[in-house]
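If you're matching them up, the sequences are chains G and A in order. Quick note: the first sequence uses numbering that gives the first Met the number 0, first residue 0, plus one each step. Quick note: the second sequence uses numbering that gives the first Met the number 0, first residue 0, plus one each step. The beta carbon of each residue, even a glycine, is placed where N, CA and C say it ideally should be.
Number of protein chains: 2
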Amino acid sequence: MFKRAKQSRVFQDVVDQIQDAVLNGKLVPGTKLPPERELKDIFNTSRGTLREALRVLEQKGLIEIKLGVSGGAIVKRIDAEPVVESLALLIRSGGVSLEHLAEFRIKIEGSLVELAAARATKKDIKELEALFNQAKVYYEKNDWENFLKTDEKVHTFIGTMTRNPVFQFVQKTIHDNIHRYYAEYLPMNKERTLENLTDFEKIIDAMKVNDAKTASAIIMDHVKRFSDKMQEKINGNSK
Amino acid sequence: MFKRAKQSRVFQDVVDQIQDAVLNGKLVPGTKLPPERELKDIFNTSRGTLREALRVLEQKGLIEIKLGVSGGAIVKRIDAEPVVESLALLIRSGGVSLEHLAEFRIKIEGSLVELAAARATKKDIKELEALFNQAKVYYEKNDWENFLKTDEKVHTFIGTMTRNPVFQFVQKTIHDNIHRYYAEYLPMNKERTLENLTDFEKIIDAMKVNDAKTASAIIMDHVKRFSDKMQEKINGNSK
DNA sequence: AATATCGAATGGTTTAACCATTAGCATAGT
DNA sequence: ACTATGCTAATGGTTAAACCATTCGATATT
Numbered sequence: 000m001f002k003r004a005k006q007s008r009v010f011q012d013v014v015d016q017i018q019d020a021v022l023n024g025k026l027v028p029g030t031k032l033p034p035e036r037e038l039k040d041i042f043n044t045s046r047g048t049l050r051e052a053l054r055v056l057e058q059k060g061l062i063e064i065k066l067g068v069s070g071g072a073i074v075k076r077i078d079a080e081p082v083v084e085s086l087a088l089l090i091r092s093g094g095v096s097l098e099h100l101a102e103f104r105i106k107i108e109g110s111l112v113e114l115a116a117a118r119a120t121k122k123d124i125k126e127l128e129a130l131f132n133q134a135k136v137y138y139e140k141n142d143w144e145n146f147l148k149t150d151e152k153v154h155t156f157i158g159t160m161t162r163n164p165v166f167q168f169v170q171k172t173i174h175d176n177i178h179r180y181y182a183e184y185l186p187m188n189k190e191r192t193l194e195n196l197t198d199f200e201k202i203i204d205a206m207k208v209n210d211a212k213t214a215s216a217i218i219m220d221h222v223k224r225f226s227d228k229m230q231e232k233i234n235g236n237s238k
Numbered sequence: 000m001f002k003r004a005k006q007s008r009v010f011q012d013v014v015d016q017i018q019d020a021v022l023n024g025k026l027v028p029g030t031k032l033p034p035e036r037e038l039k040d041i042f043n044t045s046r047g048t049l050r051e052a053l054r055v056l057e058q059k060g061l062i063e064i065k066l067g068v069s070g071g072a073i074v075k076r077i078d079a080e081p082v083v084e085s086l087a088l089l090i091r092s093g094g095v096s097l098e099h100l101a102e103f104r105i106k107i108e109g110s111l112v113e114l115a116a117a118r119a120t121k122k123d124i125k126e127l128e129a130l131f132n133q134a135k136v137y138y139e140k141n142d143w144e145n146f147l148k149t150d151e152k153v154h155t156f157i158g159t160m161t162r163n164p165v166f167q168f169v170q171k172t173i174h175d176n177i178h179r180y181y182a183e184y185l186p187m188n189k190e191r192t193l194e195n196l197t198d199f200e201k202i203i204d205a206m207k208v209n210d211a212k213t214a215s216a217i218i219m220d221h222v223k224r225f226s227d228k229m230q231e232k233i234n235g236n237s238k
């Protein structure tokens, strides 16, 4: 009938109060909180306890702390970083394998490109073409590192084209976490890079006429092909 | 060229050491860390600083802290909770609207059901049928609250059927966050509940023969229909 | 005017003490 | 013998006061 009375931890109360203030818009990003020695009086707590609260808020990505005079806790604009980080932890702890990630990525990136293609503006296409030309230069110079970086930018940019922040941060999270495997298991060469570049060109063509289905099919095939290659590589190495 | 040398914060070093130990398997879930008063000596720090480190580790979901004698910090099995929580924060902070969520959900749940249907075992089907019968009872008793809870269980269970933890936690996160809107904007009635039940039956039928495409199409239509209704309701109310 | 120096504000850390919760044990009462 | 009560010690939670380290701006010096 009754719930166990939650044992209050003072720092948790402080965390909740500040978090609520941020979520209610009472504390807007950029606001500087009072110095610790004042905050501790406001919340009627000790500095140690207050600092535990600040650590939690910092970890949640709600505040950022600067040193020195005129330093202090500043309310941050909430971004996807804590999500990315905690997912990375989950992955690294072994709860998620490369296969799991790749399987998810194939599905999600197909849908994502479909949306992006449907909503592509002329400005988007121009931006994509600029990235394509950049990638082409790196391809010709055999500069794999910068090629990959540009490839990364392309994926991120297509994410923004969806105009949907959920897709955007999922895209970012997946790529942040999958990149580690790529660098380790899928060394680039001229042939593979060209393949990548060709797929890219096809997608831009499909997007130019807002052909969502085609664009989606190409990216799904692209992701699947690269994932399979990486999987082969891993299986091969482990034998 | 160089990065600014990160100003060392002692508690961060403690966090890193313990986190690394967990990720390297040197500390397995269930292990109890020494009491604070010993840990502070081990790391050669003060108790306050050590506790700041523990707060961060707790927030990351790496440890859990129990009170009283034989209490202390216990290494946890890392789960999706921190990911779900930080994503919820991102959503609640206003970066994500219901439309964004619904759009994402339509796509992801289609793919998810497709996978689940392809991998459905007889045991899975039995479990789904049990949930279906339970939902039917609540439908007949006009018990909307429990009907919705069961509906929630169905979605979660279909998530587990994918055998892919990424899909599982995305499904959980989306539903955790969308549920708030549902309860507020989409009051259930006999007609709507029946519609829900009918869709559910169709999906089970498709899954019985591992017809992934059909199952996927049904759920996408289902989610889209309910999202549209909710959207209407919201637009109507706000006018 | 440019540069060097210093001081104050502010986060980072330490220490030592006390409070609150809990598990286990000892004791008393039946 | 068994149960219930209460005591004790271990452990996390909190407080307080002091000092260190970093940074910015004011002031002095050249």
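Q) For the segment 50 to 134 of chain A, which segments carrying the alpha helix (DSSP H) assignment without a break, of at least 4 residues, lie completely within its bounds, in sequence order? A) 80 to 89 and 97 to 118
Q | Buried or exposed by the 16-neighbour rule on C-beta atoms within 10 Å, applied to K41 (chain G) | A | Within the first sequence, numbered from 1, the residue matching residue 41 (chain G) stands at position 42. Note that residue 41 (chain G) is Ile in the sequence shown, not Lys. When all chains shown are included, I41 (chain G) counts as exposed.
Q. Under 8 Å Cβ-Cβ, which residues of chain G neighbour G67 (chain A)?
A. Stepping through the second sequence from its first residue, residue 67 (chain A) is reached at position 68. Near G67 (chain A) there are no residues of chain G at all, since even the closest Cβ is about 11 Å away, more than 8 Å.
Q | C-beta contact flag for N176 (chain G) and A87 (chain G) at 8 Å | A | Here residue 176 (chain G) refers to the residue found at position 177 when the first sequence is read from its first residue. Here residue 87 (chain G) refers to the residue found at position 88 when the first sequence is read from its first residue. Cβ atoms of N176 (chain G) and A87 (chain G): closer than 8 Å.
Q. Exposed or buried, L193 (chain G), counting other C-beta atoms within 10 Å across all chains shown (16 or more means buried)?
A. On the first sequence, residue 193 (chain G) is found 194 positions in, with the first residue counted as 1. Its Cβ having fewer than 16 others within 10 Å, L193 (chain G) is exposed.
Q: Alpha carbon to alpha carbon, how far is T120 (chain G) from A211 (chain G)? Give it in angstroms, no decimals.
A: In the first sequence, counting from the first residue as 1, residue 211 (chain G) sits at position 212. In the first sequence, counting from the first residue as 1, residue 120 (chain G) sits at position 121. Between A211 (chain G) and T120 (chain G), the C-alpha separation is close to 13 Å.
Q: For K31 (chain A), name the three-state secondary structure that DSSP assigns.
A: On the second sequence, position 32 is the one that residue 31 (chain A) refers to. If DSSP states are grouped into helix, strand and coil, K31 (chain A) belongs with the strands.
**Q.** I90 (chain G) versus A:L89, A:S110 and A:D78, residue with shortest Cα-Cα distance
**A.** As a first step, residue 90 (chain G) is located in the first sequence; it is residue number 91 there, counting from the start. Of A:L89, A:S110 and A:D78, the residue nearest in Cα terms is A:D78.
Q: Output yes if chain A places a C-beta closer than 8 Å to the C-beta of V13 (chain G); else output no.
A: For this step, residue 13 (chain G) is matched to residue 14 along the first sequence. It does not: the Cβ of V13 (chain G) has no partner Cβ on chain A nearer than 8 Å.
Q.
Rounded to whole angstroms, what is the Cα-Cα separation between L185 (chain A) and E113 (chain A)?
A. As a working mapping, residue 185 (chain A) is identified with position 186 in the second sequence. As a working mapping, residue 113 (chain A) is identified with position 114 in the second sequence. Between L185 (chain A) and E113 (chain A), the C-alpha separation is close to 26 Å.
Q) For the alpha helix (DSSP H) that contains P164 (chain A), what are its first and last residues? A) The residue labelled residue 164 (chain A) in the question sits at position 165 within the second sequence. Unbroken alpha helix (DSSP H) run through P164 (chain A): P164 to Y184.
Q. Under three-state DSSP, which class holds M219 (chain G)?
A. On the first sequence, position 220 is the one that residue 219 (chain G) refers to. The answer is helix: DSSP assigns M219 (chain G) an H, G or I state.
Q) Given 8 Å as the limit, is there contact between the segment 13 to 33 of chain A and the segment 224 to 234 of chain G, that is, 3 or more CB pairs closer than that? A) no
Q: Specify, as a first and last residue, the run of the alpha helix (DSSP H) that R191 (chain G) falls within.
A: To locate residue 191 (chain G), count along the first sequence from 1; it is residue 192. Element bounds for R191 (chain G): K189 to K207.
Q) So does I105 (chain G) have its beta carbon nearer than 7 Å to some heavy atom of the ligand SAM? A) The model on display carries no ligand, and the ligand SAM is accordingly not part of it.
Q: Name, please, each residue of chain A whose Cβ falls closer than 9 Å to the Cβ of F166 (chain G).
A: Numbered from 1 along the first sequence, position 167 holds the residue referred to as residue 166 (chain G). Ordered by position in chain A, the residues that pass the 9 Å Cβ test against F166 (chain G) are H99, E102, F103 and K106.
Q) Is G24 (chain A) helix, strand or coil when you go by DSSP? A) What you label residue 24 (chain A) is simply residue 25 of the second sequence in a count that begins at 1. Three-state DSSP puts G24 (chain A) in coil, outside helix and strand.
Q.
Counting only C-beta atoms, is K59 (chain G) closer than 8 Å to chain A at any point?
A. To locate residue 59 (chain G), count along the first sequence from 1; it is residue 60. Yes, its Cβ sits closer than 8 Å to a Cβ of chain A.
Q) Between A:L56, A:P33, A:K31 and A:L26, which lies nearest to V13 (chain A) when the distance is taken from Cα to Cα? A) For the purposes of this step, residue 13 (chain A) is identified with residue 14 of the second sequence, where counting begins at 1. Residue A:L56 is the option with its Cα nearest to V13 (chain A).
Q.
Please identify the residue among A:A214, A:E183 and A:G67 whose C-alpha is closest to the C-alpha of T197 (chain A).
A. Here residue 197 (chain A) corresponds to residue number 198 of the second sequence, with the count starting at 1. With distances taken between Cα atoms, T197 (chain A) lies closest to A:A214.
**Q.** Separation of I64 (chain G) from V9 (chain A), as counted between CA atoms
**A.** Within the second sequence, the letter at position 10 stands for residue 9 (chain A). Within the first sequence, the letter at position 65 stands for residue 64 (chain G). So the alpha carbons of these two residues sit roughly 15 Å apart.
Q. Is the Cβ of R54 (chain G) closer than 8 Å to any Cβ of chain A?
A. As a first step, residue 54 (chain G) is located in the first sequence; it is residue number 55 there, counting from the start. Chain A, which has a Cβ nearer than 8 Å to the Cβ of R54 (chain G), makes this yes.
Q | Three-state secondary structure assigned by DSSP to T44 (chain G) | A | Here the question's residue 44 (chain G) lines up with position 45 in the first sequence. Note: T44 (chain G) maps to coil in three-state DSSP.
Q: Decide if the segment 136 to 146 of chain A is in contact with the segment 135 to 153 of chain G; the criterion is three or more beta carbon pairs, one per stretch, under 8 Å apart.
A: no
Q) If contact means a Cβ-Cβ distance below 9 Å, which residues of the segment 106 to 138 of chain A contact chain G? A) K106, I107, G109, S110, L111, E113 and L114
Q) Can you tell me whether DSSP reads R36 (chain G) as helix, strand or coil? A) The sequence position of residue 36 (chain G) within the first sequence is 37, counting from 1. Here R36 (chain G) sits in helix by DSSP.
Q | Contact check, N195 (chain A) vs D150 (chain A), beta carbons under 8 Å | A | Position 196 of the second sequence, counting from 1, holds the residue named residue 195 (chain A). Position 151 of the second sequence, counting from 1, holds the residue named residue 150 (chain A). The answer is yes: Cβ separation under 8 Å.
Q. Which term fits V136 (chain G), buried or exposed, when burial requires 16 or more other beta carbons within 10 angstroms of its beta carbon?
A. Mapped onto the first sequence, residue 136 (chain G) falls at position 137. V136 (chain G) is exposed by the Cβ-count criterion.
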